[in-house]
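In mature numbering (1 follows the signal peptide of the UniProt record, and there is no 0), the protein residues as written are -25 to -1, 1 to 206. From the three backbone atoms N, C-alpha and C, an ideal C-beta is built for every residue, glycine too.
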């Protein structure tokens, strides 16, 4: 899922310039066989939760930790109930694997979202390798400047059978109440986008991961929040 945290923007501490979000086109579908989308898949649990994730190695997927937490029980789901559907598209996928285990970022507390949102990540170890190293994402060597173009691809609730990609930009930087860094963007993130890779363009023209989508704020003018994955 992708949590719309309506009061979160006011609770975050600004760092530097924040740009206004322009009106943009709606997200579009893409070819999952080409980079940078080759690494993307749908993360879902047997209890019905659906999020997005991406390969960082053939047997390792990164996603948002809150996707694996059950508020009703106060516990994380069992790893064996978590599935990664690689390049999922309208009921088909290139491969699928079950999680053998997962590790949540130290310090993340799903019951303390405002304090630990910047730590909302988890790593799934799959029961078999998927693809090869060329199918995994590249990471950006540094954070881009404010205003830089971004790409966000996720399985939005409104169209969760296909990967929806948004061309957007970095609006600024924030920290949560615990002092953990966050990126703020104008990407169109809906429930289901949590765990999606946020891409920035690299010097060679390719796209590298700069953040992990974890939440959104607002209703009319949605702003996305991502955990930075670059220095």
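*Of the residues 124, 139, 5 and 154, which one's Cα is nearest the Cα of residue 178?*
124
*residue 206 to residue 160, Cα distance in whole Å?*
17 Å
*If we count the other Cβ atoms within 10 Å of its Cβ and call it buried at 16 or more, is residue 154 buried or exposed?*
Burial state of residue 154 is exposed, judged by a 10 Å Cβ sphere holding fewer than 16 other Cβ atoms.
_Does residue 186 come out as helix, strand or coil in the three-state DSSP assignment?_
strand
*Check residue 91 in the structure and name its three-state DSSP category.*
helix
*Taking all protein chains shown into account, do 16 or more other C-beta atoms lie within 10 angstroms of the C-beta of residue 13, making it buried, or fewer, making it exposed?*
Buried, since its Cβ has 16 or more Cβ neighbours within 10 Å.
*Please classify residue 58: is it buried, with 16 or more other beta-carbons within 10 angstroms of its beta-carbon, or exposed?*
buried
*Do residue 139 and residue 55 have their CB atoms nearer than 9 Å?*
no
_Option in 164, 115, 185 and 107 with minimal Cα separation from residue 135_ = 164
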